[in-house]
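Start counting the sequence shown at 10; every next residue gets the next number (this note's numbering).
Report on one structure; see the data block that follows.
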Amino acid sequence: MISYYHMRVFPKQEYDDRYERLRSSMADMDTIIAYNPNNVTWLTGFLGTVYTKRYAAFASGTAFPRAIFNIDQGISMVAVGGEEDAIKEETFIDDIITHYPHKRIDAIIDALIDKKAKKVGIDLGEYESITVNEFNILKDRLSKHDIELVDATNMLRNLKLIKSDRELEKIRVATDIQNRAFSKFFASISKGMSEVEITRAMFDAQFDAGSTEIGVAVPWTHPGYAFFRRQYPDRVMRDQDLQWIDGGAVYHGYSSDYDMIYVFGEPTDKHKRTYKIMQDVFKEGIEYFKPNRRIIDIADDVRRVMKKHDATNPLEPEIFIGHSLGYNMVEEPYLASWSDADLTLKPNMAFAAEWFVATEYGPILYEENFIVRDDTIEMISSGYKIEGDVISIK
């Protein structure tokens, strides 16, 4: 089996192309500093440990490197001493600035002064980014050198939103792995298993199907009082239990993300009715996802479809209809009624379409993965949900 540790995800040309796009988007900024691991990876290709995704507040806060891009001098990384070899193996970066764990701010300030930075963009708005305390210290100390910090979150999000052909291929493979993983998963589960055992079965299926790192497996069994809750080790699957599971296999850092709904034993009329409403709403709603349409207009159309089918949207009068796909399984910007007015479906976007439906079993999502082409959207997840019946696990 081929090992992908310290294997560069893309050729150097991929990053050179990104830097050209970045330069043309920086306006009056001369430097960008990325704290968010997603942005660091996009700028550098450094994946590091998978735990930076799952335990981000701990691992990234203490160890994950930061990236600095200067419009004239190019890309650098600021990292804890000891990471140089991994960075050299996983990236094409020569300028690696190391520091002791408690000296990161000093190293960043020295690097920005050395690069003669004056207006520095930083990813303030990401879910995981610089802490308030570190930002205030950094801003105060940089101001003494006439260096200004400005928010570059949206600029970086918009750049990541449009994927290169190489990125789309990674996402396509990750989704195909999840397609195969679901087949393996359904052949391995049965009544009498706990939610923890169900979770393990999905992880096993993902690795068996080719996932190159830990993905996502989130099972949810009715009744659903909370969504995305932890797995219950004593919740054992019984006859006519309805279960939803979110699966996201990963391929060289890029994620898939879609779900399946199934019943243990023979589905009842109630199961079939619940599933059909969700199925009909999705089949009709997805028809409004057209290239170059505004996301807020698509969201309005999906809301109307839900009302037409008497499906309850628990977020009414707002609605969430999906998210971008990439290095993070759920990657911003979110697709919703509150999206920026100028956000549209653009060619080379990869996204997951999904929305909540309040059912007799609790709120449930119905989700598939897509790539935007010039004149259509291409479904890359298995898609049989759109035509098939609710799955029965005998």
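Ideal Cβ placement from N, Cα and C applies to all residues, glycine included.
Item to complete: Report yes if the C-beta distance between Ile105 and Ile96 is below 8 Å; otherwise report no.
Response: Between Ile105 and Ile96, the C-beta gap is smaller than 8 Å, which places the two residues in contact.
Fill in: Among Tyr375, Ile117 and Asp155, nearest to Ile254 - alpha-carbon criterion
Here the closest residue by C-alpha is Tyr375.
Practice prompt. Determine the burial state of Glu327: buried for a count of at least 16 other Cβ atoms within 10 Å of its Cβ, exposed for fewer.
Written response: So Glu327 ends up on the exposed side.
Worksheet entry | Closer than 8 Å to chain D by CB, Val225 | Here chain D cannot be found, since the structure has a single protein chain.
Item to complete: Could you spell out where the beta strand (DSSP E) holding Ala43 opens and where it closes?
Response: First-last of the beta strand (DSSP E) with Ala43: Thr40 to Ala43.
Worksheet item: When the distance is taken between beta carbons, is Ala161 closer than 8 Å to Ile198?
Response: No Cβ-Cβ contact shorter than 8 Å links Ile198 with Ala161.
Fill in: Per DSSP, the bridge partner or partners of Thr353
The partner list for Thr353 (beta bridge, DSSP) reads Arg303.
Item to complete: Starting from Leu374, follow its DSSP beta bridges and name the residues at the other end.
Response: Leu374 is bridged to Phe365.
Discussion item. Taking only three categories from DSSP, how would you classify His231?
Written reply: Correct three-state label for His231: coil.
Worksheet entry | Every unbroken alpha helix (DSSP H) inside the region 152–219 [4 residues or more] | Correct list: 162–170, 174–195 and 204–218.
Worksheet item: Given Thr184, which residues of its chain have a CB within under 8 Å of its CB, disregarding the five upstream and five downstream residues?
Response: Counting only Cβ-Cβ distances below 8 Å, and skipping sequence neighbours, we find Ala258, Ser265, Tyr267, Asn378, Ile389 and Ser390.
Fill in: Nearest-angstrom beta carbon gap, Ala361 and Leu334 [assumed within contact, 8 Å]
The Cβ separation is near 6 Å, so the contact holds.
Item to complete: Take Arg32 as the anchor and find which of Tyr263, Val129 and Ile102 has the nearest alpha-carbon.
Response: Between Arg32 and the set Tyr263, Val129 and Ile102, the nearest pair of CA atoms involves Val129.
Worksheet item: Going straight from the alpha carbon of Tyr263 to that of Ile223, what length do you get?
Response: One C-alpha to the other measures close to 11 Å.
Worksheet item: What's the C-alpha gap between Phe101 and Glu157?
Response: Approximately 28 Å between the Cα atoms of the pair.
Practice prompt. On a CA-only basis, which of Tyr336, Ala359, Gly331 and Lys355 is nearest Trp347? Give me that one, please.
Written response: Nearest to Trp347 by C-alpha distance, out of Tyr336, Ala359, Gly331 and Lys355, is Gly331.
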